[in-house]
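Note sheet for the following structure.
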Amino acid sequence: MDCNPRSLLYILLLLSSCVTSAFPIIYPPNEVNLLDSKASQGELGWISYPSHGWEEISGVDEHYTPIRTFQVCNVMEYSQNNWLRTNWIPRQSAQKVYVELKFTLRDCNSIPLVLGTCKETFNLLYLETDDDQGSHFREHQFSKIDTIAADESFTQTDLGDRILKLNTEVREVGPVSKKGFYLAFQDVGACVALVSVRVYFKKCPYTVRNLASFPDTVPMDSQSLVEVKGSCVNHSKEEEPPRMYCSTEGEWLVPIGKCLCNPGHEERSNTCQMCRAGFYKSTLGNMECSKCPPHSFSHHEGSLHCGCEKNYFRAEGDPASMACTRPPSAPRNVISSINETSVILDWSWPEDAGGRKDVTFIVVCKRCRGVADNGSISGTQHCEPCRSSVRFLPRATGLQNTTVTVGDLLAHTNYTFEIEAQNGVSSLAPKMRQYAAVTITTNQAAPSPVTVIRKEKTSRNSVSLSWQEPERPNGIILDYEIKYYEKEEQETSYTILRARGCNVTLNGLKPNTAYLLQIRARTAAGYGASSPSFQFETSPDSFSISSESSQVVLIAISSSVAIILLTVLLYVLIGRFCCRSKSKHPDEKRLQFGNGHLRLPGIRTYVDPHTYEDPSQAVHEFAKELDASCIAIDKVVGAGEFGEVCSGRLKLPSKKEICVAIKTLKGGYTDKQRRDFLAEASIMGQFDHPNIIRLEGVVTRSKPVMIVIEYMENGSLDSFLRKHDAQFTGIQLVGMLRGIASGMKYLSDMGYVHRDLAARNILVNSNLVCKVSDFGLSRVLEDDPEAAYTTRGGKIPIRWTAPEAIAYRKFTSASDAWSYGIVLWEVMSYGERPYWEMSNQDVIKAVDEGYRLPPPMDCPATLYQLMLDCWQKERNNRPKFEQIVSILDKLIRNPGSLKITANTTSRPANLLLDRSSSEAPSMGTMGDWMDGMRTLPCKEAFSGVSYSSCDTLAKTSTEDLKKVGVTIVGPQKKIVSSLKALESHNKNGPVPV
C-alpha cells in the first residue's frame, strides 16, 4: 500500500466523503447554485484528458447516498498534464460567479520512491461560450483563474490515525457575459482528490420590509449598490416610496420609506390584514386595530369605525375612538323664587349626563293663559312664547351653571319655564329630548320709570309737557306724580302735581328760569321709580340792545377768549420745559398716554400697543419719526415676515453717523400688515436697557415704511456660536448669559412676557454683548405679576416653550425662565439644536414624562443645575430672573466654581422608549458610530480608520484624533463627547446623540 499512492488517495477520499456528508448541507438563501457535484447521484460525465489522468470514482456517505468524485495521482510518471473539464454551465442571470472546491492533497514528502516530479498544487481555469461545445476540447481556449494550493496536506500516518484534512477554497469568476461557461482542472503532477465542486452566484432574495416587497435581485459586478424599488403589499399605501439597496454580497441594505396599512387593516406577519369583528381602524397607519368603544359595534371584518347601538349616537366632531353617547335626562328639582316681575330658577344636574361632559342647559319661557281659580293650569290653557323684552341673566341658552334669573316679566301673569339639558348628540335624537317644567305667577309690581318726556309749549310763566306711558306699566296707571323745582334751588323747595293723563301744563313759573322735573306713575301696587331729571327753561322778558352796545359786548367777549387761550398756551409750554429739565429718567417724560394708561414718575410699566384705539398713535407715542433722507441702505442681508432686512447707515443732524439694521415693509401691504409691522416698533420703543435691542426710530410718512434699529455685527447668537465652536472660555460664556438674564429681568420687571426666548432671537455685537430681540410673539402681563396671557391658537416654538404654555397656552415670566434654561443649554453646547432631531411630538411626550436635556460636554455643574432649576415642572419653583442674575454674578466673581463639570454619564434617563417612532438616532453599534463620524466635516480622516471594538474606540483621546488628522478643536470635542456617549451606551443603554 505504501508503494501505491493512488490507492491511499482513494481510501482517504472515501473517508473524506463520509465526513463531509455527515450532516445535510443547507446553503444561505442569498446563494443560487449553478452546479453542485454532491447533488448528482449518477455519473457526472465530465471529460478527462488524457483518459488515464483524472478518474471518476463512486462512494457512499453515512446515509448510503452515492456521491461522485475525481482523483489523480500519477506521481510515479514524468511530465504530467491531466485535464478535467465540467459540463457546460448556464450562467442564468449571474454576472459574477463563485467556485467552491473541496479537495484533499497528499504531501509529496510522504510518498516513497517518487519517480516523477511531484507537485502540491493544481490549476483552475474557465472558458465562456454562448452554447454547449459538446466533447470539443482545446486547452489553449481556457483562461486561468488561479493556482490552487492546499492549506492542509495528508500523509501515510494520517490514514492510520484517521486524521482527515479536507481543504476548501473559493474563487471568484467574472464578470461573465456569455450564456454559459466551462470549468477545467489541470493537474501537473499532484496527488489530489477533488471531493466536491460547487458553482454559485449571489442574489438579494425576495423579502418584505416595512410592508413593501422586494423581488429577487442579482447584484451588479461593481462596487456600487443596486437601488431596488419595493411594492406595497396588499391593502397598504406608500407613505414614502420604499427603496432598498442590494449589495454585491447579496445583502439588503439601507431600507428607506415604508408603506402604511389602509383604514380597516392592521399589520400582521408582514402583511396588512383586515380588522377582526369587534375591532376597527379609521386611519391610515401601522397601528393595531382598536376594540370598539362602549355602546358601539362592528359585525364585519375590516371596519373603519364602529356603529352605535340603538338610542346611542356619535356627534360629528367626536373621534372614532370615543364611546357612543345619548342625550341627557331632564334636570331635577327645579326651584323658583319670585320677586315681583322677576324669578330666579334653580335646578339640579341631570341624573344621567348621557356619557358626555359637554352638557349645557336651555331655558324656554312661555306665557300661558287659562288658569283655574286655585292657580293651577286648566286643561284649556294656551301658551305662547314670551316677549323679546324678557331678559335672561346670564342668558337663555348654552348655560353651564344650574341657575338663571329671568326679569322684565309682566306683573300678575302666568309663565311656564321649560328647562332642558343638552349635550353634543341632543340634536341627533329629537324624540329623546326631556325637560323639566315649572309654572309660576308673577306678583303685582310697580310700573317702570317714564323714559320719554317732551316739551310742547313754553311761555314766560308756563310750560306744557307730555310723556309716554312706561314701557312696563305692570297694571292700570291710576295717575302720574309730577315733581318740579328751580334748578338753582337744588330741590330744597319743590312743587308736586298729579295728572291722570300723559300731559300737563305747569303755571306760575318765573320767566327766564331753568327748572328740573321728574315724573313717576302709580298703580294699585304703588308708585314706580321716578324718571331721570328733565330740564326746561321759561322764556325771558322782552329786551333790546343797540348795535353799538352789541359790538362792545362782542369785542369784550373776543378779547377775554384770546387772553384765556394765550394763558393756557404759555402754561403748557412752561410746564413741558420744566418737566424736561427736572426729569431724572426718560420714563418720567410721559405721565399719561393717549389711550388712558397712566405712568407714575420713576416707574416703568409696559403698555400694550394693541390696546390703543388707533395703533398708529402708539407708534408715534413710543417711536421717533425719522426722515428717510437720513438713512442710507447699503445691502440686503435677509428677509423678514413683512419684507427685507437690510444693513445701512443713519446720519442725524449734529450727530455722528452710525451703522443700523433696517426692516422694510414690502409693497402692496394691507392696513393690518402695516399695523402688525409697526407694533414691534411700538414695543421696542418702550425699552431702554443695554441688553435689549435699541430702536433708533421709524419711517412712516414715506415709502417704504421702515423700522431702524441698532446694528449687531455678529448676528444671531446660535449661528455665532456654531461658527466659533469651542473658541470661548467658560467665563466669557457666563458673561454672555448674564447679559441675556439681565435683559430678561428688565422685561419681567416691566410686566412683560417674551414668549419666544431662544438663541436665534439673541443678537451679538462686536464686543460680545448679547441683546434680546424679536418681540413679534411677545405679550403684556396683567397688573398681577403671576397672571398669564392666553394665546389665540398661534404657533408655539415647542423646543423652547414650558410644558404649561404648550398644554394650556399660558405664558408667564416663569415660562420665559424655562426658555432661558434652553438658551443656557444652547450656549454651553455652542449652538446645538435642542433635543437634536426628535420630532415635536416626541419632545412634548418626553418632557411631560420627566426627560430633561443632558449636560453639554464640559458644562460646569453649577450651570447645569441652573438649567434643571429652570426646567422645574412646577412653574412657581423656577428661579426668577433676578435670582438668575445673582447666581451668574457669583460665578463671575468666583471663576473656580466653573471648573467642576457635570457628569455626562449620570445624565437623566432617556424616556423615549419607542425608537421606531423617534427621529433621534442612537449609537447602537461601533459601525453606527463610524458611519455618523464619517458625515462630519473631518470625514476624510476616518476613511481608513477601523477599530476592533466599541471599548477600544471609547478610549480614544484628543491626541489620538490629532494623529488621524482631526486637528480642529470643535470637531475634536464633539467626537470625544460622542465617544463618551458611546461608552455610556455600552453600560446603560442608548442615549440620544
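The numbers in our numbering rise by one with no breaks, and the one at position 5 of the sequence shown is 25.
Yeah, the Cβ is synthetic: ideal placement off N, Cα and C, and Gly gets one too.
{"query": "Just reading off the beta strand (DSSP E) that I460 is part of, what are its end residues?", "result": "Y455 to T461"}
{"query": "Quick one: is L273 buried, meaning 16 or more other Cβ sit within 10 Å of its Cβ, or exposed?", "result": "exposed"}
{"query": "Suppose the cutoff is 7 Å on Cβ atoms and the five residues either side in sequence are ignored; what does the same chain contact list for D794 look like?", "result": "D776 and N781"}
{"query": "I'd like the span of the alpha helix (DSSP H) that includes E716, first residue to last.", "result": "Note, E716: premise wrong, no alpha helix (DSSP H); beta strand (DSSP E) at L715 to V719."}
{"query": "Less than 8 Å between the C-beta atoms of K675 and S667, yes or no?", "result": "no"}
{"query": "Please identify the residue among P469, G154, P531 and L498 whose C-alpha is closest to the C-alpha of S551.", "result": "P469"}
{"query": "Roughly how many angstroms lie between the CA atoms of V363 and E438, to the nearest whole one?", "result": "14 Å"}
{"query": "From the DSSP output, in three-state form, read off V119 for me.", "result": "strand"}
{"query": "Would you list the one or two residues that DSSP bridges to A681?", "result": "S667 and I729"}
{"query": "According to the Cβ coordinates, are Q454 and S349 closer than 8 Å?", "result": "yes"}
{"query": "Provide the residue span of the alpha helix (DSSP H) that contains L908, from first to last.", "result": "F901 to R913"}
{"query": "Use the C-beta contact count for Y766: other C-beta atoms within 10 angstroms, 16 or more gives buried, fewer gives exposed.", "result": "buried"}
{"query": "Using only alpha-carbon positions, find the residue among E677, Y69, T821 and I46 that is nearest to A59.", "result": "I46"}
{"query": "Just the C-alpha distance for P225 and F831, rounded to the nearest angstrom, thanks.", "result": "57 Å"}
{"query": "Based on the DSSP secondary-structure assignment, which residues constitute the bridge partners of Y435?", "result": "R387 and I460"}
{"query": "Tell me whether G947 is buried or exposed, calling it buried when 16 or more other Cβ atoms sit within 10 Å of its Cβ.", "result": "Bear in mind that the predicted position of G947 carries a pLDDT of just 48, short of 50, making it unreliable; the figure below should be weighed with that in mind. Flag for G947 reads exposed."}
{"query": "Can you tell me whether R415 is buried or exposed, with buried defined as 16 or more other CB within 10 angstroms of its CB?", "result": "exposed"}
{"query": "Just reading off the beta strand (DSSP E) that C266 is part of, what are its end residues?", "result": "S256 to C266"}
{"query": "Look at the Cβ atom of V792, then the Cβ atom of P823, and state whether they are nearer than 8 Å.", "result": "no"}
{"query": "Whole angstroms is fine: what's the gap from Q892's alpha carbon to K919's?", "result": "25 Å"}
{"query": "Is W103 near Y69, with beta carbons less than 8 Å apart?", "result": "yes"}
{"query": "For G759, which of helix, strand or coil comes out of DSSP?", "result": "helix"}
{"query": "Taking DSSP as the reference, what is the three-state secondary structure of H160?", "result": "helix"}
{"query": "Between Y300, G717, H72 and S267, which lies nearest to P283 when the distance is taken from Cα to Cα?", "result": "Y300"}
{"query": "Which whole-angstrom value is the C-beta distance of V1020 and V193, which I expect to be below 8 Å?", "result": "With the chain represented from 21 up to 1013, any question about residue 1020 goes unanswered, as that position is not in the structure."}
{"query": "Using 10 angstroms around the beta-carbon of D691, count the other beta-carbons present and answer buried if the total reaches 16, otherwise exposed.", "result": "exposed"}
{"query": "In angstroms, rounded to a whole number, what distance separates the CA positions of Y871 and V719?", "result": "47 Å"}
{"query": "Could you please give the first and the last residue of the uninterrupted alpha helix (DSSP H) stretch that includes E846?", "result": "S833 to M848"}
{"query": "Compare the Cα-Cα distances from D207 to each of E189, S99 and M264 and report the closest residue.", "result": "S99"}
{"query": "Can you give the Cα-Cα distance for V5 and V228, rounded to whole angstroms?", "result": "In this structure the chain extends from 21 to 1013, so residue 5 is not present and cannot be described."}
{"query": "Secondary structure at L55, three-state DSSP: helix, strand or coil?", "result": "strand"}
{"query": "Within 8 Å, do at least three Cβ pairs link the stretch 491-501 to the stretch 516-525?", "result": "yes"}
{"query": "Which one of I912, L883, I907 and I87 has the shortest CA to CA distance from A922?", "result": "L883"}
{"query": "Would you tell me roughly how many angstroms separate the C-alpha atoms of D769 and K900, rounded to the nearest one?", "result": "10 Å"}
{"query": "Measuring CB to CB, does T137 end up less than 8 Å from G73?", "result": "no"}
{"query": "Can you find the residues in the same chain that come closer than 6 Å, C-beta to C-beta, to P467, ignoring five residues on each side of it along the sequence?", "result": "P490, P493, N494, A541, T543 and G548"}
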